[in-house]
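Participant: Shown below is the structure under consideration.
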Amino acid sequence: MLKIKVCGMREKSNIDALNACIPDMIGFIFYPPSPRFVGWDFKPDTRIHASKVGVFVNESIEKVTETANHAALDFIQLHGEEPPEYCMQLNKSGFKIIKAFSIKDRFDFKQTDSYTAFCEYFLFDTASGSKGGSGLKFDWQVLENYAFKKGFILSGGIGIEDADQILKLKNPAMVGIDINSRFELLPGIKDIDQIKNFIHAIRDTK
Numbered sequence: 177m178l179k180i181k182v183c184g185m186r187e188k189s190n191i192d193a194l195n196a197c198i199p200d201m202i203g204f205i206f207y208p209p210s211p212r213f214v215g216w217d218f219k220p221d222t223r224i225h226a227s228k229v230g231v232f233v234n235e236s237i238e239k240v241t242e243t244a245n246h247a248a249l250d251f252i253q254l255h256g257e258e259p260p261e262y263c264m265q266l267n268k269s270g271f272k273i274i275k276a277f278s279i280k281d282r283f284d285f286k287q288t289d290s291y292t293a294f295c296e297y298f299l300f301d302t303a304s305g306s307k308g309g310s311g312l313k314f315d316w317q318v319l320e321n322y323a324f325k326k327g328f329i330l331s332g333g334i335g336i337e338d339a340d341q342i343l344k345l346k347n348p349a350m351v352g353i354d355i356n357s358r359f360e361l362l363p364g365i366k367d368i369d370q371i372k373n374f375i376h377a378i379r380d381t382k
């Protein structure tokens, strides 16, 4: 079954409501330029069922480590231009890494090879200047060029209307879906009813 990751959560009441939908992962943005930035002192509620993912962009390893320990994160998602050595250092410190790659109409998947040993998953998002949350899709046919070496999470402009198309992809390397801005009422505030419907559409398919 595909994992469902809801990214860009910020407000406690909204997070509590999402928790009741039982997503597999909840993402929190630790990137100050983002309107979904939770603040460096943010610490998720211990009652959250889902895996807690912290999203960082070209941050120092020291700051990522400090924040991940304080927030008791289950995964660190790196959404910048972090090199393989950066991922290796965090991985050796015991952190599970999700490395994001920005995709346009064409993408050379060979550049992911040097990251494979240090990452739990890859995340394929649409290339944009906003480092995620753009609401834009890339051409999913590009994924046919990916030789399965690491499971990936599909991201980038996914909305409730995409559930059927996602289920038709049948890509053996795709382990999950990341949703964000297309399910928002405001930046950082999610439409819980829409998310609930999307989760049912993905999980209830026989």
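In this note's numbering, each residue carries its 1-based index in the sequence shown increased by 176.
Note that CB positions come from ideal geometry on N, CA and C, so glycine has one too.
1) If contacts are defined as beta-carbon pairs under 8 Å, then Ile-237 and Ile-378 qualify, I think. What distance do you get, rounded to the angstrom?
2) For Glu-258, is the classification buried or exposed, using 16 other Cβ atoms within 10 angstroms of its Cβ as the cut-off for buried?
3) Nearer than 7 Å: is that true of the beta carbon of Lys-275 relative to any heavy atom of the ligand NAD?
4) Of all the beta strand (DSSP E) runs that stay within the bounds of the region 261–312, which reach a length of 3 or more residues?
5) Let's see if you can read the secondary structure: which residues bound the alpha helix (DSSP H) around Val-240?
6) Please list the segments of the alpha helix (DSSP H) lying wholly inside the region 314–363, counting only runs of 4 or more residues, in order along the chain.
7) What would DSSP say about Leu-194, mapped onto helix, strand or coil?
8) Please classify Lys-179: does DSSP put it in a helix, a strand, or coil?
Facilitator: Taking the definition as stated:
1) Not confirmed; about 35 Å, so no contact.
2) Buried.
3) The model depicted lacks the ligand NAD and carries no ligand whatsoever.
4) Correct list: 273–279 and 297–302.
5) In the DSSP assignment, Val-240 falls within the unbroken alpha helix (DSSP H) covering 237–247.
6) Those alpha helix (DSSP H) runs which fall completely within the region 314–363 and span 4+ residues are 339–345.
7) Assigned with DSSP and collapsed to three states, Leu-194 falls in helix.
8) Residue state, collapsed to three classes: strand.
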